[in-house]
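Visitor: For the sequence shown, our numbering gives the first residue as 11, with consecutive numbering after it.
Note that the Cβ used here is the ideal one computed from N, Cα and C, for glycine as well.
First, the structure itself, so that you have it in front of you.
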Amino acid sequence: MKPRIPQYKILYELIRKQIVDGVYKEGDILPSENDLCKVHSLTRPTVRHALDSLVNQGFIKKHQGKGSIVHKLPKGVGILSISGTTSALGSKNLRSEFIIKPKVQPWEDDFIFQLSELELSSGCIYMERIRFFNEAPIFYDVNYIPNINLPRFTSRNLENKSLFDVLRSVYQIEVKGGEQRIKAILATKTIASYLHLKEGAPVLHLERKFETNKPAFNLYSSIYCNTNEQSIYGLF
């Protein structure tokens, strides 16, 4: 049986999409909590939960006496923010190209992060892709997702879609936080070819672990960043 989606999540997804699609732009004030309650037949705690989620993801800011105001994320690549690349750059000029489509396999020996027993025993869904912004390659990322209760995930069309959005909207897996390691490295021949750089050019390498709302279920990625034209930023 498909799990029931909480009412606050439905409202969160609706307003989030409206912001991403430009219905509400930077500086716009969202409808009041009272209006949202009336229009969507929801309780005030449910509406506040949805708005708090939007605040936590950097989409809005709450101002005393003014209400919820749409917040524009700064230009750059949201690689340090759990909001993800699609939320930071927008989906119109962002596309992905799979090098290796999602497939089930065992975890690598000496994996970059310590795994839980449940994760280790379940194997992972592995994928590699290049992400382009305005047709310029900015990320080569390798993703590892625990193969735990993700029916038909490998058969889904993930081209040009946000991984976070799919996990959140289809499987109710919400990213809550995490940790990452960042260092500068010299591009190997393979990395350079993917990111349209010269071999030996400096790139940023990020190793990331995302904690989710499901116990012992984390998302992992190893990302190589081309920052020639796009900065990276984080929200603190």
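If we count Cβ pairs, one from each stretch, closer than 8 Å, do we get three or more for the segment 212-228 versus the segment 171-190?
Guide: Touching, per the Cβ criterion.
Visitor: Specify the secondary structure class of residue 80 as computed by DSSP and reduced to three states.
Guide: Residue 80: strand per DSSP, three-state reduction.
Visitor: For residue 78 and residue 50, I'd like the C-alpha separation in whole angstroms.
Guide: In a straight line, the C-alpha of residue 78 is about 17 Å away from that of residue 50.
Visitor: Residue 182 by DSSP, collapsed to three states: which one?
Guide: Three-state result, residue 182: coil.
Visitor: Relative to the alpha-carbon of residue 211, which residue among 217, 220, 23 and 199 has its alpha-carbon at the smallest distance?
Guide: Nearest of 217, 220, 23 and 199 to residue 211, Cα basis: 199.
Visitor: Do you know whose CA, among 110, 26, 122 and 165, lies nearest residue 64's CA?
Guide: Nearest option by C-alpha distance: 26.
Visitor: Alpha carbon to alpha carbon, how far is residue 237 from residue 22? Give it in angstroms, no decimals.
Guide: Going from the Cα of residue 22 to the Cα of residue 237 covers about 32 Å.
Visitor: Which of the three DSSP states is assigned to residue 198 in this structure?
Guide: If DSSP states are grouped into helix, strand and coil, residue 198 belongs with coil.
Visitor: Is the segment 109-129 touching the segment 151-160, taking contact as three or more C-beta pairs under 8 Å?
Guide: Short answer: they touch.
Visitor: Measure from the C-beta of residue 126 to each C-beta in chain B and report whether the shortest distance is under 8 Å.
Guide: Included in the structure is just one protein chain, with no chain B present.
Visitor: Mapping the DSSP letters down to three states, classify residue 19 as helix, strand or coil.
Guide: In the structure shown, residue 19 sits in a helix (DSSP, three-state: H, G or I).
Visitor: With distances taken between CB atoms, is the gap from residue 230 to residue 150 smaller than 8 Å?
Guide: For residue 230 and residue 150, no; Cβs fall outside 8 Å.
Visitor: If you check the beta carbons only, do residue 166 and residue 152 fall under 8 Å apart?
Guide: No.
Visitor: Report buried or exposed for residue 80, applying the criterion of at least 16 other Cβ atoms within 10 angstroms of its Cβ.
Guide: Its Cβ being crowded by 16 or more others within 10 Å, residue 80 is buried.
Visitor: State buried or exposed for residue 196, treating a residue as buried only when at least 16 other CB atoms are found within 10 Å of its CB.
Guide: So residue 196 counts as exposed.
Visitor: For residue 170, which of 140, 191, 189 and 163 has the nearest alpha-carbon?
Guide: For residue 170, the nearest C-alpha among the options comes from 140.
Visitor: Could you name the residues of the same chain whose beta carbon sits closer than 7 Å to that of residue 17, not counting the 5 residues immediately before and after it, in chain order?
Guide: Cβ neighbours of residue 17 beyond the five flanking positions: 52 and 56.
Visitor: Can you give me the Cβ contacts of residue 42 inside the same chain, cut-off strictly under 7 Å, excluding the 5 residues immediately before and after it?
Guide: 77, listed in sequence order.
Visitor: First and last residue of the beta strand (DSSP E) that includes residue 60?
Guide: First-last for residue 60: 54-66, but that is the alpha helix (DSSP H), not the beta strand (DSSP E).
Visitor: I need the boundaries of the beta strand (DSSP E) containing residue 145, first residue and last residue.
Guide: It is not in any beta strand (DSSP E) - residue 145 carries neither H nor E in the DSSP assignment.
Visitor: Does the beta-carbon of residue 214, which I'm using as the reference point, lie nearer than 7 Å to any heavy atom of the ligand PLP?
Guide: With respect to the ligand PLP, the structure shown offers nothing to examine, as it has no ligands at all.
Visitor: Out of 187, 45 and 108, which has the shortest C-alpha to C-alpha gap to residue 219?
Guide: It is 187.
Visitor: Please classify residue 33 as buried or exposed, where buried requires at least 16 neighbouring CB atoms within 10 angstroms.
Guide: Burial call: exposed.
Visitor: Mind checking residue 91: buried by the 16 CB within 10 Å criterion, or exposed?
Guide: Low confidence applies to residue 91: its pLDDT is 49, below 50, so where it sits in the model is not reliable, and the reading given next is rough at best. Buried, because 16 or more other Cβ atoms sit within 10 Å of the Cβ of residue 91.
Visitor: Determine the contact status of residue 147 and residue 204, defining contact as a CB-CB distance below 8 Å.
Guide: In this structure, residue 204 lies closer than 8 Å to residue 147 by Cβ.
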